[in-house]
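Shown next, in structure tokens, is the structure this report addresses.
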Amino acid sequence: MIISLLILLILAWSFYIGYSRGIVLQAYYLLSAIVAFFIASQSYQGLARFLSLWVPYSSAIEGATTYYFPNNQLFHLDKVFYAGLAFFIIYTFVYAIGRFIGIFIHLVPKGNTDSRWYNVASGVIAVFISLFAIEMFLTIFATVPLAFIQDRLNHSGLASFIINHTPITSSLLKYFWVTKVIG
């Protein structure tokens, strides 16, 4: 319940911020997010190997289960965790560079883009970008086979929906983090 409420607050705040920024800046941020996704999808595996040496992971013990991955993958979820973490780090770094460059987009003349329709579209774009970041974060946590984490995520219907059923991105993340890593 608390996780769902927190997610909804973050998404509402994202809509508000996006609405006030305008369509030009939000379109640029969407382009930055797509570029960050592409770069992360091409370069995360090397960083994942490095992170596996330095970042601890709570390995599965006998009798452990996860709600989001099949039990036959339970003892390989550490690879998925490191792949997801590496992907998230690279995505965040590249997106942060794009956000920094976006500061200068405010200097570009906006023309006639200050209508309610454009502002609503800007808010929706901001929600999608934030939702993708939340989805990556939740999916990384879903790989940790600790009952405390699994139960909290499973009891949040919104978190479960985001992890399993977000259109397009759920299947992309599972492809890059699970299929390409452990088969």
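According to our numbering, the residues represented by the sequence shown are 14 to 196, in order.
Ideal placement from N, C-alpha and C gives every residue a C-beta, glycine not left out.
Span separating the alpha-carbon of residue i from that of residue j
i	j	result
residue 132	residue 43	15 Å
residue 168	residue 59	34 Å
residue 143	residue 88	30 Å
residue 111	residue 75	44 Å
residue 85	residue 93	13 Å
residue 17	residue 115	30 Å
residue 40	residue 53	20 Å
residue 130	residue 77	49 Å
residue 160	residue 166	10 Å
residue 109	residue 191	26 Å
residue 15	residue 174	15 Å
residue 91	residue 61	10 Å
residue 55	residue 196	17 Å
residue 127	residue 33	10 Å
residue 113	residue 189	27 Å
Supposed contact pair residue j and residue i - C-beta distance, whole angstroms, cut 8 Å
i	j	result
residue 194	residue 121	Rounded, the Cβ-Cβ distance is 40 Å, inconsistent with contact.
residue 97	residue 179	About 15 Å; that fails the 8 Å criterion.
residue 31	residue 138	6 Å
residue 27	residue 140	5 Å
residue 176	residue 184	Rounded, the Cβ-Cβ distance is 12 Å, inconsistent with contact.
residue 186	residue 20	Contact doesn't hold; Cβ gap of about 17 Å is too wide.
residue 70	residue 99	Their Cβ separation, rounded to whole angstroms, is 13 Å, which puts residue 70 and residue 99 out of contact at 8 Å.
residue 25	residue 158	Not confirmed; about 32 Å, so no contact.
residue 95	residue 163	Not really, about 19 Å apart at Cβ, beyond 8 Å.
residue 101	residue 23	So it is not a contact: roughly 16 Å between Cβ atoms.
The alpha helix (DSSP H) enclosing residue i, as first and last residue numbers
i	result
residue 51	36-67
residue 178	170-178
residue 91	90-115
residue 144	129-155
residue 183	182-187
Pairing CB atoms from the segment 100-115 with CB atoms from the segment 42-53, are three or more of them under 8 Å? With three or more CB-CB distances shorter than 8 Å, the segment 100-115 counts as touching the segment 42-53.
Looking at C-beta atoms only, is the number of pairs between the segment 148-163 and the segment 55-69 that lie closer than 8 Å three or more? no
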